[in-house]
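Here's the structure, in structure tokens; my notes come after.
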Amino acid sequence: MGRGRPGGRARHRLRVRPGRRRGAARPRSRRQPYGAHGASRVYEHDRFGWTDGGWHGRPLPGSVLYELHVGTFTPEGTLDAAAARLDHLVALGIDTVELMPLASFSGRHGWGYDGVHLWAVHEPYGGPDALKRFVDAAHGRGLAVVLDVVHNHLGPSGNRLAGYGPYFTAAHTTPWGEAVNYDQAGADEVRAFMIGSALSWLRDYHLDGLRLDAVHAITDHGAVHVLEELAVAVAGLSAHLGRHLSLIAESDLNDPRLVTPREAGGYGLDAQWNDDLHHALHAALTGERQGYYGDFGAMSTLAKALTRVFVHDGTFSSYRGRRHGRPVDVHRTPAHRFVAFLQNHDQVGNRASGDRITAALDPGRLRAGAALLLLGPFTPMLFMGEEWGAATPWCYFTDHQEPDLARAVSEGRRREFARAGWRGEVPDPQAVDTFRRSALDWSEPGKAHHRELLEWHRELIRLRRAWPELADPRLTGTGVEADDGARWLTMRRGRVRVSVNLGDNPAELDVSRASRLLLASAPAVRLETGGRDPFDISGAPGTGRIILPSGSVAVST
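Numbering (my numbering), first residue to last: 3 to 559.
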């Protein structure tokens with residue numbers, strides 16, 4: 003490796019001689035200006051002029067998250083262009099920006115889950131200084147920044163780690179590539195490499211947390227799971243820096259041990275994504291029942307998701323053909339440990355045409371879904387453009403440079419949806435137009451129906467801030483009544499009620515002791531209050547009812 007000159011402009015490459023490998027070398031390229039296959043460049047972290055010295059982070063409880071993909075958040079597709087849109091997020095009421103993966107990967111555009119240089123920022127997004135400028139600008143506006151990282155596999159193109167040591171193992175498998183070796187011979191150095199990468203993002207780029215992709219695909223049979231080891235290391239770094247740091251897992255296991263404190267035998271992560279709430283909400287709103295939506299859709303199922311977290315908590319999953327999950331202890335586990343969403347990159351991009359839920363719902367049902375999400379007990383997350391009902395799709399797109407790999411990805415995508423019975427066109431992931439069509443159209447928020455939905459989201463987040471019970475971390479503080487036949491549901495959080503009617507007919511819901519309507523999705527929504535019982539000396543309001551047209555929502559107290 004060459005020695006770096008001042009300014010960090012020296013290029014360097016590493017060559018591993020066959021038969022000379024010992025242990026596990028640690029190729030930690032901090033910059034790949036010529037792409038994943040090109041030479042590295044020396045980069046000096048201490049040369050950047052930070053201005054966020056007074057920033058101490060933002061705790062996850064009470065936060066509203068916003069997931070974005072740098073390449074399609076703006077037409078320019080860079081971190082600097084994304085930073086120029088941060089004021090939009092501040093006005094919306096967002097607390098934390100969650101960036102999809104930025105680790106250097108082959109090609110110019112992609113989702114980022116095929117990164118191969120886990121210490122370097124993808125150069126087409128602007129490289130390492132651009133990420134620092136983004137984080138510095140976000141902190142200056144009171145926004146925390148979380149980065150999505152992939153520790154279960156590496157991408158297929160430009161992946162050279164196997165030449166340096168036993169970074170991968172055939173003892174375990176993942177759907178996307180070789181499994182990272184966390185528990186076989188040589189695993190100690192591999193674990194140190196992966197945890198070191200995580201700490202580097204937090205320390206060197208001033209990030210406030212990490213979202214850990216698909217941790218169910220991380221296999222570790224050691225006594226101390228690598229996720230627990232990572233949590234301990236991040237807690238230590240947080241104490242050293244005097245800054246809140248969070249770890250958020252994506253998991254298909256429905257296992258609350260991920261977010262159970264280490265003192266109680268868990269892994270000690272701060273939060274995990276909750277797919278069951280998404281499935282319950284999506285199926286109830288759209289009527290879709292195919293695939294993993296098969297066990298969802300009933301209003302009573304949505305009620306369980308809102309109060310018990312997991313629908314599959316040891317129950318039979320028809321999609322998996324077996325029992326799945328385990329219960330959450332709602333008396334001991336705070337609700338903020340579960341991230342809830344109506345849309346995210348997977349649930350949109352893994353649809354055949356990348357269609358958003360906007361394409362399937364009328365404005366009333368969109369508002370109802372947003373109200374249950376943003377006023378519910380969990381940590382809510384929006385996917386970029388969701389707040390204004392973006393009409394642009396968000397597709398699966400790639401830019402593999404190797405012809406065989408590119409062809410295999412395109413053909414595999416078509417076969418996957420053909421097996422699922424999809425009869426329409428499946429956009430070619432390798433087509434540049436598939437990527438370009440996925441970029442947000444920033445003229446949309448200025449149009450009437452988009453602007454109205456954007457204002458609805460702002461009002462919901464404002465209500466979430468204004469009423470203490472909407473930030474209550476206790477899962478036991480949420481009660482739900484539902485009618486599967488008439489398809490209405492009322493969620494009670496302290497004094498606040500969220501009533502939705504997803505049925506085809508108007509609904510009249512009893513809201514005894516209700517006093518006023520805080521927010522309604524349509525002018526036809528009415529709150530009617532009766533007189534008090536003259537013998538009631540409590541001063542409480544009398545009986546009342548809410549009149550809800552089909553596909554509407556009301557928030558009342």
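We put the beta carbon where it would ideally sit given N, CA and C, even for glycine.
Which of helix, strand or coil does DSSP assign to residue i?
| i | result |
| --- | --- |
| D150 | strand |
| Y294 | helix |
| L240 | The sequence as given places Ser at residue 240; Leu does not occur at that position. Helix, per DSSP. |
| M196 | helix |
| S501 | strand |
| P447 | helix |
| R143 | coil |
| Q34 | coil |
| Y68 | strand |
| M386 | coil |
| H347 | helix |
| F437 | helix |
| V341 | strand |
| L279 | helix |
| I548 | strand |
| R162 | coil |
| A488 | coil |
For residue i, which residues of its own chain have a beta-carbon under 6 Å away from its beta-carbon, when the five flanking residues on both sides are left out?
| i | result |
| --- | --- |
| M196 | H153 |
| N161 | V118 |
| E388 | Q345 |
| A370 | V502 and V555 |
| A362 | T288 |
In chain order, what residues of the same chain have a beta carbon less than 7 Å from the beta carbon of residue i, not counting five sequence neighbours either side?
| i | result |
| --- | --- |
| S302 | A484 and D486 |
| N183 | P168, Y169, F170, T171, A189 and V192 |
| R24 | Its pLDDT being 48, under 50, R24 is placed unreliably by the model, and the measurement read from it follows with that caveat. So the list is empty, once near-sequence residues are dropped. |
| R547 | E510, L511, D512, V513 and E530 |
| H47 | D206 |
| D538 | Below a pLDDT of 50, predicted positions are generally treated as unreliable, and D538, at 41, falls in that range; the measurement from the model is reported next regardless. Contacts found: none. |
Just the Cα atoms here: how many angstroms apart are residue i and residue j?
| i | j | result |
| --- | --- | --- |
| P379 | D297 | 22 Å |
| T436 | D430 | 7 Å |
| H71 | A450 | 25 Å |
| G59 | E252 | 22 Å |
| W471 | P126 | The sequence shown places Glu at residue 471, rather than the Trp named in the question. E471 and P126: Cα-Cα distance of roughly 44 Å. |
| H333 | L477 | 7 Å |
| F318 | A122 | 43 Å |
| A285 | S523 | 20 Å |
| V228 | V66 | 28 Å |
| L94 | W275 | 22 Å |
| G323 | A173 | 25 Å |
| D535 | D506 | At D535, the pLDDT of 47 sits below 50, so the modelled position is not reliable; the number obtained from the coordinates is stated separately. Computed Cα separation, rounded: 34 Å. |
| I549 | L521 | 13 Å |
| V341 | L384 | 10 Å |
| F399 | R417 | 16 Å |
| P103 | Y68 | 14 Å |
| H452 | M493 | 26 Å |
| L133 | G73 | 13 Å |
| F343 | A392 | 16 Å |
| V311 | L88 | 31 Å |
| F50 | H208 | 11 Å |
| S442 | M386 | Sequence inspection shows Leu at residue 442; the Ser mentioned does not correspond to that position. Cα-Cα distance, rounded: 8 Å. |
| R32 | A408 | 27 Å |
| L504 | L279 | 17 Å |
Between residue i and the rest of its own chain, which residues show a CB-CB distance below 8 Å, the 5 nearest in sequence each way excluded?
| i | result |
| --- | --- |
| D357 | V350 and P395 |
| G40 | Q34 |
| A235 | I197, A200 and L201 |
| E231 | R193 and I197 |
| R518 | L529, S558 and T559 |
Just confirm the distance between the C-beta atoms of residue i and residue j, as a whole number of angstroms; I'd bet it's less than 8 Å.
| i | j | result |
| --- | --- | --- |
| V330 | D315 | 7 Å |
| L308 | T480 | 6 Å |
| M52 | D138 | Looking at the sequence provided, one finds Trp at residue 52 rather than Met. The Cβ separation is near 6 Å, so the contact holds. |
| D54 | G128 | Not a contact, Cβ separation roughly 18 Å. |
| D185 | G224 | 5 Å |
| R561 | L239 | No information on residue 561 is available, as it lies outside the stretch 3 to 559 that the chain covers here. |
| A354 | W424 | 5 Å |
Exposed or buried, what is residue i when buried is set at 16 or more other beta-carbons lying within 10 Å of its beta-carbon?
| i | result |
| --- | --- |
| G157 | buried |
| Y36 | exposed |
| P29 | buried |
| Q292 | exposed |
| A273 | buried |
| A420 | exposed |
| D210 | buried |
| S320 | exposed |
| R325 | exposed |
| D215 | buried |
Would residue i pass as an interface residue toward chain D - the criterion being a Cβ-Cβ separation below 8 Å?
| i | result |
| --- | --- |
| A85 | The structure shown contains no chain D; it is built from a single protein chain. |
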